[in-house]
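Protein chains in written order, with the numbering used here: chain A, 1 to 452; chain B, 1 to 452; chain C, 1 to 452.
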Amino acid sequence: MIRMNHKTGLAVLAGLGGLTAASPAWAEVSAETAFVFNTFSFLIMGALVMWMAAGFAMLESGLVRSKNTATICLKNIALYSIAGILYYLIGYSLMYTDVDAGWIGSLSFLYNPSDAEIALLSAEEATPELITAVTDNGYSSMSDWFFQMVFVATAASIVSGTLAERIKVWPFLLFVVVLTGVIYPIQGAWTWGGGWLSEMGFSDFAGSTIVHSVGGWAALTGAIILGARKGKYGPDGKVHPMPGANLPLATLGTFILWFGWFGFNGGSQLALGSAADASAMAIVFVNTNLAAAGGVLAAMAASQVVFKKIDLTMALNGAIAGLVSITAGPDLQNHLWSIIIGGIGGVLVVASVPLLDKLRIDDVVGAIPAHLVAGIWGTLAVGIFGAGNLGVQIVGILAVGVFVAATSAALWLALKFTLGIRVSEEEEHAGLDTMELGQEAYPEFGRGSQAI
Amino acid sequence: MIRMNHKTGLAVLAGLGGLTAASPAWAEVSAETAFVFNTFSFLIMGALVMWMAAGFAMLESGLVRSKNTATICLKNIALYSIAGILYYLIGYSLMYTDVDAGWIGSLSFLYNPSDAEIALLSAEEATPELITAVTDNGYSSMSDWFFQMVFVATAASIVSGTLAERIKVWPFLLFVVVLTGVIYPIQGAWTWGGGWLSEMGFSDFAGSTIVHSVGGWAALTGAIILGARKGKYGPDGKVHPMPGANLPLATLGTFILWFGWFGFNGGSQLALGSAADASAMAIVFVNTNLAAAGGVLAAMAASQVVFKKIDLTMALNGAIAGLVSITAGPDLQNHLWSIIIGGIGGVLVVASVPLLDKLRIDDVVGAIPAHLVAGIWGTLAVGIFGAGNLGVQIVGILAVGVFVAATSAALWLALKFTLGIRVSEEEEHAGLDTMELGQEAYPEFGRGSQAI
Amino acid sequence: MIRMNHKTGLAVLAGLGGLTAASPAWAEVSAETAFVFNTFSFLIMGALVMWMAAGFAMLESGLVRSKNTATICLKNIALYSIAGILYYLIGYSLMYTDVDAGWIGSLSFLYNPSDAEIALLSAEEATPELITAVTDNGYSSMSDWFFQMVFVATAASIVSGTLAERIKVWPFLLFVVVLTGVIYPIQGAWTWGGGWLSEMGFSDFAGSTIVHSVGGWAALTGAIILGARKGKYGPDGKVHPMPGANLPLATLGTFILWFGWFGFNGGSQLALGSAADASAMAIVFVNTNLAAAGGVLAAMAASQVVFKKIDLTMALNGAIAGLVSITAGPDLQNHLWSIIIGGIGGVLVVASVPLLDKLRIDDVVGAIPAHLVAGIWGTLAVGIFGAGNLGVQIVGILAVGVFVAATSAALWLALKFTLGIRVSEEEEHAGLDTMELGQEAYPEFGRGSQAI
């Protein structure tokens with residue numbers, strides 16, 4: 001039953017009017033129509049995922065202190081740019097070409113439209129042969145590239161927040177070059193490229209492990225090697241809060257991420273050109289939304305219980321954790337599960353933040369709880385509630401974790417002992433904006449940051 | 001006549017190439033293709049409406065004082081979460097199942113994909129029978145749920161702004177539980193669920209009354225029962241302005257709402273799978289944009305005439321009032337009317353704000369003028385300019401108004417005399433952020449709010 | 001090779017299952033389906049371009065000083081409103097009706113749905129004749145109008161930033177009336193309306209010249225006639241920086257523009273209803289993203305080399321310049337070129353900013369480098385790397401430039417000697433917000449702006 005607008009009756013009848021039992025083929029989606037649907041879905045959903053880069057930028061801008069805000073803005077737009085170019089230059093080929101149940105794709109430089117597409121676009125007339133040669137692929141080659149590219153950018157976005165306020169700009173960006181050009185694509189090949197994990201049956205619909213945990217491991221190793229911000233942890237183990245300068249921006253960033261996540265998870269259906277795909281995509285949208293909602297409310301409740309206050313930052317990270325948690329399996333047909341899965345994600349955030357502090361791992365924005373912990377949980381949840389095998393899910397989590405943690409740690413250490421990754425104490429105290437960029441994010445607003 | 005890009009000629013020819021008089025059926029949209037269009041439209045348009053939640057959050061964040069900003073952020077993300085979960089648990093069933101020209105749907109818990117969809121998605125092979133069983137519905141069940149859910153969230157978003165800066169967090173959220181789980185769905189059933197108002201011919205395309213006035217009535221009764229902010233109205237009747245802390249955020253929020261409104265009104269065509277639906281949706285987009293534009297310029301002009309200054313806040317609320325005004329009937333075929341309807345909405349905002357102040361009803365963000373007053377006007381306008389009957393429109397406005405005002409007032413009073421709804425004077429003076437959340441929205445920026 | 005989600009196999013098979021050699025027609029896109037695709041693409045892509053208005057508003061809000069922030073917000077929402085109404089009243093007809101290889105369309109007031117569409121929407125039943133009469137046009141009339149309207153708004157948005165902080169509100173808005181109602185449509189008719197430049201073969205896919213340079217010329221002439229802000233240039237030629245008050249907002253604005261640009265360039269394919277169009281649109285998305293990424297990284301590198309610091313504002317303008325640069329020819333089939341074209345755009349920004357300062361042309365946000373300089377470069381690039389003829393491209397750049405610069409200059413001068421365009425020194429010093437609007441953008445945040 002739907003809204004009873006007058007136009008609808010006419011309109012739906014117009015769509016269905018010619019359908020008879022004698023024309024079953026006509027009732028279906030033509031190959032070219034399906035191609036357009038699939039391609040358009042990749043583009044629109046991919047654009048929504050691109051928009052998540054703005055979400056990370058705003059979330060992190062809101063959660064750092066004002067003296068480091070311009071720098072985090074710069075890092076975010078730069079890392080998104082690097083991810084796109086590196087994935088074009090080499091990443092996509094490492095992830096998706098000739099993986100054949102193996103460990104890595106064959107390296108080839110650049111990635112351009114298929115020969116069939118160029119032939120069609122260059123032709124004077126679109127012949128059936130030219131069209132069929134293109135539509136046989138199911139979707140346009142570059143729409144797929146675009147959609148996969150925004151995912152690697154997401155993984156990179158996760159890292160910048162954790163390491164904010166004390167990492168040098170250029171070494172950080174060098175890390176992003178390797179992460180997006182090599183590390184992410186290799187582990188991505190194992191599952192999404194059709195490699196060995198995929199053969200085992202590892203199931204990660206939109207990337208709780210492959211995107212979010214990858215970013216989380218890179219962030220965790222970086223945070224350990226880089227060390228905490230000066231003054232964050234007292235000699236007595238006391239934690240000194242360093243509150244973010246602009247919480248409405250952090251809220252905006254979270255809403256952007258939530259909005260973009262419909263593209264992230266919905267687009268990961270990877271097809272739209274059939275009733276089955278469209279129905280499945282709708283299920284994914286609903287689960288995505290409910291899991292985020294569950295994460296918010298669970299984090300608020302847990303924060304009320306544990307801290308006797310409702311912490312806005314916890315609620316925001318609860319939304320993100322809910323979203324990450326459902327990302328491995330948003331195709332659940334009973335939506336109640338997604339509220340529970342997301343809610344557990346939200347509770348895990350509230351539980352993990354003090355734990356990290358106890359370990360003196362300084363995560364400025366809470367990305368490790370929201371992306372790594374919730375990513376692991378979401379991947380396990382597929383084995384518990386969904387279609388996955390729990391043992392295989394654990395193998396996938398461990399394999400990706402060991403690989404990314406090891407390569408990231410090696411890279412961080414290499415950078416540390418060559419270029420150096422940490423700004424001087426003086427720079428850290430004065431703020432990265434003045435020292436690295438020579439500008440202030442809010443030059444006119446009264447600042448108490450010097451005192452912190 | 002359109003832009004003369006070289007590719008276009010080829011492309012459109014490719015699309016039309018096979019059309020001949022002998023194949024009329026082939027020229028139409030297949031049932032499965034229409035299903036995909038309708039479903040995808042619900043999802044994309046619904047995502048745009050979800051994004052409006054961010055718009056309300058930013059608008060309200062910008063228009064409250066800094067000491068209450070984190071709290072309003074928290075309320076906005078929490079109310080959106082609650083709306084989604086409550087509408088899943090019970091709201092949708094109350095609104096859309098077995099209403100049968102009556103007053104309320106039958107209550108059932110949870111709402112999951114249709115059996116036909118689960119059968120199709122679980123099948124090894126998609127047989128024509130399985131596909132037809134799904135496509136007979138016209139759209140995927142969960143895409144419709146998603147689209148309807150974001151509307152209830154919009155109604156709830158309207159309430160938070162009016163009551164900002166003095167309402168307690170948890171009681172407010174309890175109100176949202178009942179509003180989104182019970183009050184909104186019941187009145188929604190009367191029209192969109194196919195109930196008695198729908199039978200009478202009440203016409204409200206996308207919800208000037210059903211969404212915006214509902215939020216407005218809940219806000220108005222709340223504002224009366226809660227009372228004005230301390231110091232807002234002097235004993236001599238003098239109004240003390242309490243300016244918002246961050247007008248660019250309020251501007252951003254308005255732009256987000258405008259952008260999202262294309263989904264709100266456009267998606268309310270409820271179908272895309274035919275030339276008639278697509279043409280109608282385009283008409284809706286154009287009217288939506290022109291009405292908002294008319295609202296802005298009329299509010300600016302009125303503000304210049306009345307206050308001798310162009311007030312930014314009035315311009316922003318003019319945009320919203322224009323949008324609300326056209327929402328009941330954005331299917332007008334003469335677009336000039338929509339400029340006029342939106343413009344009148346903009347003038348009504350400028351006229352209503354001082355009126356509310358005279359009545360000492362303290363609406364922090366101007367939601368009552370923009371959503372309730374303009375919502376009533378827009379619903380009447382359908383009877384004046386559009387396809388509706390003016391008498392029936394008035395019946396609908398009154399019926400919904402009486403029901404929502406009565407139930408909301410009862411609920412506000414019940415909350416007032418149990419949990420209490422208002423923070424203490426001390427908390428109000430210090431700001432809700434410090435007292436309820438224990439954090440500040442802008443800890444480093446100089447604050448004059450204490451003095452206000 | 002794509003991600004191996006279980007559902008996909010089924011889904012794509014469902015879409016392709018009925019395709020056989022015996023049913024070639026069935027394999028194509030029906031005329032009505034293509035109509036829906038084309039129309040929906042205009043609407044969604046147009047909405048993304050509308051969203052760019054928010055991007056300009058945030059970019060400019062972030063780059064002006066706080067005392068002028070509310071005013072720039074007002075100008076941005078007002079100019080978008082004016083653009084829509086003027087383009088409805090007269091602009092579209094001047095640009096697109098009966099241009100016939102000439103210089104200007106025939107003037108007619110208002111623009112409403114086609115007779116065929118109204119007949120279909122008013123019919124009791126959608127007959128094949130009624131449908132065909134509508135679908136013969138390829139797309140819905142109002143979806144095309146909507147898409148073209150948001151482009152004229154973009155051109156107007158460019159002007160406000162350059163002239164910020166010293167121009168009066170109402171005269172600026174009067175300029176926008178003429179720009180969007182007359183100047184833009186006339187030059188637009190020459191190419192996109194099918195006029196003389198189109199006949200010559202001038203190629204500007206999405207408007208490097210027709211939109212961005214037009215805005216840039218209007219801004220440049222305005223900046224010269226209006227003069228620099230007081231104190232910007234010392235008597236000794238020294239440039240006094242006047243840093244923007246809120247760089248995260250400027251960053252957000254840039255991300256919004258980037259996101260919206262997928263609609264700007266992608267939608268300019270003007271059709272979606274075939275495999276060729278969908279493939280072409282995917283190519284456009286990829287080039288758009290890579291050019292922006294190239295612009296960011298090149299501007300960062302150039303800024304590091306020239307200024308020994310990485311300037312965030314340069315990186316942001318680098319993104320915009322990259323986007324503008326690719327806009328004339330985003331259909332390149334070798335994506336490597338788009339990185340280079342965008343990268344050159346980014347370098348041009350870094351080179352142009354000091355040049356403008358040397359000429360004492362005060363461009364508050366850097367719109368002239370990013371839109372005019374990069375727009376010229378992008379249009380030339382089509383002649384160098386793409387399908388265009390370099391000589392014809394130069395003719396187009398000059399013709400549009402001379403026409404827009406001359407008419408804009410005449411209009412600015414006429415406004416200057418009638419209403420006056422510049423606020424008083426006292427108003428400029430105090431800030432436009434207090435003087436023109438009587439409100440402050442950030443009333444509670446400590447302000448150093450008075451001292452600047």
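A virtual CB, placed ideally from N, CA and C, is assigned to each residue, including glycine.
Asked                                                                                                                                                                      : Found
By Cβ distance below 6 Å, which residues in the same chain neighbour C/Val347 in space, the five residues on each side in sequence not counted?                            : Ala298 and Ala302
With 8 Å as the threshold, decide whether the Cβ of B/Phe255 is near any Cβ in chain C.                                                                                    : yes
Counting only beta-carbon atoms, is A/Asn137 nearer than 8 Å to chain B?                                                                                                   : no
For A/Ile85 and C/Thr254, which I take to be in contact (beta-carbon distance under 8 Å), what is that distance rounded to the nearest angstrom?                           : Their Cβ separation, rounded to whole angstroms, is 17 Å, which puts A/Ile85 and C/Thr254 out of contact at 8 Å.
Tell me where the alpha helix (DSSP H) around C/Asp277 begins and ends.                                                                                                    : Ala275 to Phe307
Work out the CA separation of A/Leu43 and A/Trp145 for me, nearest whole Å.                                                                                                : 10 Å
In angstroms, rounded to a whole number, what distance separates the CA positions of A/Gly446 and C/Ala430?                                                                : 19 Å
DSSP three-state call for C/Ile167: helix, strand or coil?                                                                                                                 : strand
What residue ranges within the stretch 49-120 of chain A form continuous alpha helix (DSSP H) runs of no fewer than 4 residues, ordered along the chain?                   : 69-86 and 92-96
Could you tell me which chain C residues have their CB closer than 8 Å to the CB of B/Gly273, listed as they occur along the chain?                                        : Val36
Would you say C/Ser66 faces chain A, with C-beta separation under 8 Å as the test?                                                                                         : yes
Once you ignore the five residues that flank C/Tyr139 on each side, which residues in its own chain have a CB closer than 7 Å to its CB?                                   : Phe35, Asn38, Thr39 and Phe42
Applying a beta-carbon distance threshold of less than 7 Å, which residues of chain B neighbour A/Met281?                                                                  : Leu43
Taking just the CA atoms, how far does B/Thr191 sit from B/Ser455?                                                                                                         : Outside the displayed range of chain B (1 to 452) lies residue 455 of chain B, so it cannot be described from this structure.
Could you list the residues in the stretch 142-168 of chain C with a C-beta less than 8 Å from some C-beta on chain A, going in chain order?                               : none
Cβ of B/Asn334 within 8 Å of Cβ of B/Ala370?                                                                                                                               : no
Once DSSP output is grouped into helix, strand and coil, what is the label at B/Pro185?                                                                                    : helix
Please list the terminal residues of the continuous alpha helix (DSSP H) segment that includes A/Lys416.                                                                   : Leu390 to Lys416
Quick one: is B/Val134 near chain A, going by C-beta distance under 8 Å?                                                                                                   : yes
For C/Tyr442, does the count of other Cβ atoms within 10 angstroms reach 16, so buried, or fall short, so exposed?                                                         : buried
What does the alpha-carbon distance come out to for the pair C/Leu437 and B/Gln304?                                                                                        : 9 Å
Restricting to runs no shorter than 4 residues, where is the alpha helix (DSSP H) found entirely within the stretch 195-221 of chain B?                                    : 196-200
Report buried or exposed for A/Gly237, applying the criterion of at least 16 other Cβ atoms within 10 angstroms of its Cβ.                                                 : exposed
Compute the distance between the beta-carbons of B/Pro171 and B/Leu419, then report whether it is under 8 Å.                                                               : yes
For B/Thr434, I'd like the list of residues in its chain whose CB is within less than 8 Å of its CB, leaving aside the five on either flank, ordered along the chain.      : Lys67 and Glu440
Compare the C-beta of C/Asp357 against all C-beta atoms of chain A and say whether one is closer than 8 Å.                                                                 : no
Is it true that the CB of C/Ala367 sits closer than 8 Å to the CB of C/Ala219?                                                                                             : yes
Evaluate A/Phe307 with the Cβ neighbour count: other Cβ atoms within 10 Å of its Cβ, from every protein chain shown; 16 or more gives buried, anything less gives exposed. : exposed
So, with DSSP's three-state summary, where would you put C/Val239?                                                                                                         : strand
State the start and end residues of the unbroken alpha helix (DSSP H) segment that holds A/Leu252.                                                                         : Leu247 to Gly266
Got a sec: is the Cβ-Cβ distance from B/Trp51 to anything in chain A below 8 Å?                                                                                            : yes
Establish whether the CB of C/Ala441 and some CB of chain B are separated by less than 8 Å.                                                                                : yes
With distances taken between CB atoms, is the gap from B/Ala53 to B/Ser208 smaller than 8 Å?                                                                               : no
Take the Cβ of C/Pro185 as the centre, count every other Cβ of all protein chains shown within 10 Å, and call the residue buried at 16 or more, exposed below.             : buried
Can the beta-carbon of C/Pro330 be found less than 8 Å from the beta-carbon of C/Asn287?                                                                                   : yes
A/Ile78 versus chain C: which residues are under 8 Å apart at the beta carbon?                                                                                             : For clarity, residue 78 of chain A is Ala in the given sequence; the question names Ile instead. Under the 8 Å cutoff, chain C gives Val296, Leu297, Met300 and Ala315.
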